[in-house]
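Numbering (this note's numbering), first residue to last: 141 to 213.
Working notes, beginning with the structure itself.
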């Protein structure tokens, strides 16, 4: 019920942090300028004991420029 697509074609994988936070990200950093679409269709979806989704929406964003910083300590 959640899909993530990008203009760069990068494969995206979901990763749970605890029982309530789900992050989606590609194996490598997002490619600069990638247009990403996140489709959430959770309205009415049963997620667990007494938990039902209430949200359906689409979010679009564009990844900014590439920046890699190196620190010498």
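Even for Gly, the Cβ is constructed at its ideal location relative to N, Cα and C.
Predicted model, so just to flag it, every value in this text is computed and none were measured.
Nearest residue (CA-CA) to residue i, options the options
i	options	result
residue 187	147, 148, 160 and 146	160
residue 171	212, 211, 207 and 178	207
residue 147	211, 200, 212 and 209	200
Assumed close pair residue i, residue j - CB separation to whole angstroms, cut-off 8 angstroms
i	j	result
residue 203	residue 174	4 angstroms
residue 182	residue 141	5 angstroms
At least 3 beta-carbon pairs within less than 8 angstroms: the segment 193–203 vs the segment 152–161: With the cut-off at 8 angstroms, the segment 193–203 and the segment 152–161 do not touch.
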